[in-house]
Amino acid sequence: MSQVLWATLAGLIGILFVIYQASGVLRKDPGNPAMQEISGAIHEGAMAFLKREYSVIAIFLVILFVILAAGISIYSAIAFVVGAACSISAGYIGMQISTRANTRTAQAATKGYNAAMAVAFPGGSVMGMSVVGIGLFALSLIYYIFSNVPGLDAFKATDIVAGFSMGASFVALFARVGGGIYTKAADVGADLVGKVESGIPEDDPRNPAVIADLVGDNVGDVAGMGADLYESYVGSIVSSMVIAAAVFPDPAAKLKGITFSLGMAAVGVIASILGTFFVRTGEKGDPAGALRKGTYASSIFMIIGSFFLSRYYYGSLGVFWAAVGGLVAGVVTGLVAEMYTSGKSVENLATTCKTGPATNIISGMALSMRSTVLPLLFIAGATLLAYYLAGFFGIAISAIGMLSIAGMTVSVDAYGPISDNAGGIAEMAHLGKNVREITDSLDAAGNTTAAIAKGFAIGSAALTALALFFAYIHAAGLAAMDLLNASVVAGLFIGAMVPYVFAAGAMEAVGRAAFGVVEEVRRQFREIKGLMEGKARAEYAACVDITTRGALREMVAPGLLAVVIPLVVGIILGKEALGGLLAGAVA
6 MSQVLWATLA
16 GLIGILFVIY
26 QASGVLRKDP
36 GNPAMQEISG
46 AIHEGAMAFL
56 KREYSVIAIF
66 LVILFVILAA
76 GISIYSAIAF
86 VVGAACSISA
96 GYIGMQISTR
106 ANTRTAQAAT
116 KGYNAAMAVA
126 FPGGSVMGMS
136 VVGIGLFALS
146 LIYYIFSNVP
156 GLDAFKATDI
166 VAGFSMGASF
176 VALFARVGGG
186 IYTKAADVGA
196 DLVGKVESGI
206 PEDDPRNPAV
216 IADLVGDNVG
226 DVAGMGADLY
236 ESYVGSIVSS
246 MVIAAAVFPD
256 PAAKLKGITF
266 SLGMAAVGVI
276 ASILGTFFVR
286 TGEKGDPAGA
296 LRKGTYASSI
306 FMIIGSFFLS
316 RYYYGSLGVF
326 WAAVGGLVAG
336 VVTGLVAEMY
346 TSGKSVENLA
356 TTCKTGPATN
366 IISGMALSMR
376 STVLPLLFIA
386 GATLLAYYLA
396 GFFGIAISAI
406 GMLSIAGMTV
416 SVDAYGPISD
426 NAGGIAEMAH
436 LGKNVREITD
446 SLDAAGNTTA
456 AIAKGFAIGS
466 AALTALALFF
476 AYIHAAGLAA
486 MDLLNASVVA
496 GLFIGAMVPY
506 VFAAGAMEAV
516 GRAAFGVVEE
526 VRRQFREIKG
536 LMEGKARAEY
546 AACVDITTRG
556 ALREMVAPGL
566 LAVVIPLVVG
576 IILGKEALGG
586 LLAGAVA
């Protein structure tokens with residue numbers, strides 16, 4: 006069991022690296038008083054939203070803690086709360102730094118590309134490394150503790166830590182939905198009334214929703230995306246541990262599979278840390294290239310580390326190739342996302358605007374649908390490769406491989422909102438054209454990396470869900486999913502329906518929340534004299550408050566829907582139907 010503590014140590018190293026990066030960012034110059042005032046408003050709005058969101062989540066956490074303690078065990082309930090608390094902690098830390106790094110990035114941009122990049126990316130890496138550092142540290146430590154509790158052992162403890170993964174998933178569900186609703190509602194309100202109706206530039210201080218828009222970038226792509234990938238990261242490790250305890254024939258093989266899973270995650274943490282040192286750009290500025298270098302470097306370090314770990318544990322390379330297959334699928338998913346959100350793809354899509362918005366929307370939908378082909382083929386290939394090399398355990402290891410560099414992936418994603426905010430601060434504080442050009446270049450790379458991270462998040466979630474599905478099959482004692490069983494078929498149809506119902510609810514929620522922002526922006530333009538001329542100050546706090554209340558109110562229904570439907574299906578139709586539902590939802 007000493008190997009488990011090595012994983013704990015790797016997680017601790019990740020946390021120490023977070024402290025190092027955060028202290029480095031905070032030592033940078035925050036700029037003039039005007040910049041600090043704008044950054045302070047963004048920080049205040051973001052943290053206010055986060056605190057109110059976490060307060061809502063806490064209510065449901067208490068209810069579920071009681072249910073789990075009474076229905077399953079107090080140990081599972083404790084693991085559930087710890088998993089949720091760690092996700093909340095990572096989001097809180099990441100948000101604290103990202104909303105302080107923005108003004109420091111804008112100030113550093115007065116010195117050049119490299120100086121700005123040297124603030125923006127370390128600021129994003131605080132979120133990225135918090136996800137993997139806190140996640141691995143807490144998961145490995147709680148597993149070690151429960152495996153030594155009287156009445157439990159190393160194998161029963163894997164069922165307990167499944168509660169840890171459940172807690173992470175619960176927070177991710179609400180954080181992703183709530184953050185997404187806030188982001189898009191503020192974005193629509195700021196752009197529709199400000200840019201389209203009133204014809205004022207992006208991030209113009211006359212726009213009452215500009216601060217809400219900048220806050221939304223953080224709550225969606227820092228806290229929201231961080232919670233999302235934290236959930237997938239933890240879920241991949243837990244599913245591998247559960248499958249190892251279920252499928253291997255003897256205790257030694259079971260324990261080896263469990264500790265190997267944690268060891269792979271530990272290698273990934275170190276690889277992500279090393280990769281951050283390769284993110285550098287010259288004075289001519291190629292931030293996208295610098296971010297790619299960091300991702301490739303992390304991937305190479307992960308491949309090298311997993312090779313030696315596989316040889317040490319098994320003496321063969323079956324599980325190594327399973328992990329590499331998952332990692333390659335993840336990198337390819339990111340590259341495909343970049344290909345479809347930049348270059349010729351975007352240029353060709355832009356030409357469709359010549360005939361109006363309708364043809365642009367149609368072409369855009371077609372382009373997005375086509376972009377799913379290559380990632381899904383690679384994920385399918387990785388799944389087949391992993392299964393033939395190492396069975397169900399190999400599929401779980403493939404998921405860990407894909408998520409092994411989650412520290413770097415989330416860092417790259419969180420860099421985007423910091424750069425975007427820096428551009429907004431530069432515009433509102435009138436820092437000059439040269440500074441805005443640098444922040445726009447960083448932001449352009451951030452927009453692409455956001456698409457990459459979202460593609461990576463979806464791909465990794467699919468592979469992790471597949472691994473968790475196999476873990477459920479073993480835990481439920483189902484030998485196979487029989488498509489001639491009416492309950493299974495019914496579950497498949499319901500499962501395929503759930504994402505559409507969830508998406509419809511989320512989109513309606515954005516529309517309702519955005520309506521309030523649009524009406525408020527119009528009211529201020531209409532009633533505040535001198536606002537359009539730049540002689541009066543907009544009431545930024547009003548839009549922030551409306552968006553916050555709307556997002557928190559609207560996030561509950563979609564979140565509960567995703568929790569309640571599987572419970573109802575499982576209780577009424579049975580475990581076979583629930584298995585079908587899970588398979589349908591994954592597909």
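Residues 6 to 592 (the working numbering) make up the sequence shown, in order.
All C-beta atoms in this analysis are idealised placements derived from N, C-alpha and C, irrespective of residue type, glycine included.
Whole angstroms are fine: how far does the CA of Ile309 sit from the CA of Gly280?
13 Å
Rounded to whole angstroms, what is the Cα-Cα separation between Ala411 and Thr553?
28 Å
Please decide whether Ala543 counts as near chain C, where near means a Cβ-Cβ distance under 7 Å.
In the displayed structure, chain C is absent; only one protein chain is listed.
What alpha helix (DSSP H) runs, 4 residues minimum, are completely inside the segment 284-339?
Whole alpha helix (DSSP H) segments, 4+ residues: 292-319.
Tell me which residues share the same chain as Ala190 and place their Cβ nearer than 7 Å to its Cβ, disregarding the 5 neighbours each side in the sequence.
Val515, Ala518, Ala519, Val522, Thr552, Gly555 and Ala556
Taking 6 Å as the cut-off, is the beta-carbon of Val569 closer than that to any non-hydrogen atom of the ligand HEM?
No copy of the ligand HEM occurs in the structure displayed, which carries no ligand at all.
Is the distance from the Cβ of Glu525 to the Cβ of Ala543 below 7 Å?
no
Using the Cα positions of Gln112 and Leu354, report the straight-line distance between them to the nearest angstrom.
Rounded to the nearest angstrom, the two C-alpha atoms are 35 Å apart.
Taking the alpha-carbon positions, what's the Phe253 to Ala511 distance?
41 Å
Quick check: Met407 and Ala467, are their CB atoms within less than 7 Å of each other?
A distance of 7 Å or more separates the beta carbons of Met407 and Ala467.
Among Met132, Asp448 and Val568, whose alpha-carbon lies nearest the alpha-carbon of Ser103?
When C-alpha distances from Ser103 are compared across Met132, Asp448 and Val568, the shortest belongs to Met132.
Can you look up Phe282 in the DSSP assignment and give me helix, strand or coil?
coil
Which class does Glu3 belong to by DSSP, given the choice of helix, strand or coil?
With the chain represented from 6 up to 592, any question about residue 3 goes unanswered, as that position is not in the structure.
For the alpha helix (DSSP H) containing Leu372, name the first residue and the last one.
Pro362 to Arg375
Close beta carbons around Asn365, own chain, < 6 Å, minus the five adjacent residues each side:
Thr357 and Cys358
Going straight from the alpha carbon of Ile77 to that of Ile150, what length do you get?
19 Å
Among Asn212, Gly386, Val136 and Ala363, which residue has its Cα nearest to the Cα of Leu21?
Val136
Which word fits Ser244, buried or exposed, when buried means at least 16 other C-beta atoms lie within 10 angstroms of its C-beta?
It counts as buried.
Take Gly183 and list the residues in its own chain whose beta-carbon comes closer than 7 Å to its own, dropping the five residues that flank it on each side.
Same-chain partners within the cutoff: Glu58, Ala556, Leu557 and Met560.
Nearest to Ala27 by alpha carbon, out of Phe126, Ser311 and Val201?
Phe126
Any idea if Glu42 is buried or exposed, counting beta-carbon neighbours within 10 angstroms, 16 or more meaning buried?
Around the Cβ of Glu42, a 10 Å sphere holds fewer than 16 other Cβ atoms; the residue is exposed.
On the criterion of 16 or more Cβ atoms from any shown chain inside 10 Å, does Val71 qualify as buried, or is it exposed?
exposed
Could you have a look at Leu78 and say whether DSSP puts it in helix, strand or coil?
The sequence as given places Ser at residue 78; Leu does not occur at that position. Three-state result, Ser78: coil.
Would Asp164 be called buried (16 or more neighbouring beta carbons within 10 Å of its own) or exposed?
buried
Expressed to the nearest angstrom, what Euclidean distance is found between the alpha-carbon atoms of Ser676 and Ile263?
What is shown of the chain runs 6 to 592, which leaves residue 676 out entirely.
Would you say Ala195 and Asp222 are within 7 Å of each other, going by their C-beta atoms?
Taking 7 Å as the Cβ cut-off, Ala195 and Asp222 do not qualify as a contacting pair.
Helix or strand or just coil, what does DSSP make of Lys438?
Lys438: helix per DSSP, three-state reduction.
In terms of residue numbering, what span does the alpha helix (DSSP H) encompassing Glu559 cover?
Tyr545 to Leu578
How is the alpha helix (DSSP H) around Asn1 delimited, first residue to last?
This structure cannot settle anything about residue 1, because the visible part of the chain is limited to 6 through 592.
Do you know offhand how far Leu66's Cα is from Thr188's?
24 Å
Ordered along the chain, which non-local residues of its own chain (more than five positions away) have a Cβ less than 7 Å from that of Leu178?
Gly564 and Ala567
Reference Asp255; option with closest CA among Pro35, Ala159 and Ala481:
Ala159
Whole-angstrom Cβ separation of Gly428 and Asp208, contact assumed at under 8 Å?
6 Å
Within the same chain, show all residues whose beta-carbon is closer than 7 Å to that of Met40, passing over the 5 residues directly before and after it, in chain order.
Thr108, Ala111, Gln112, Ile430 and Ala434
Which parts of the segment 137-212 are runs of the alpha helix (DSSP H), unbroken and 4 residues or longer, counting only runs that do not cross its ends?
161-194
Helix, strand or coil for Lys116, going by three-state DSSP, please let me know.
coil
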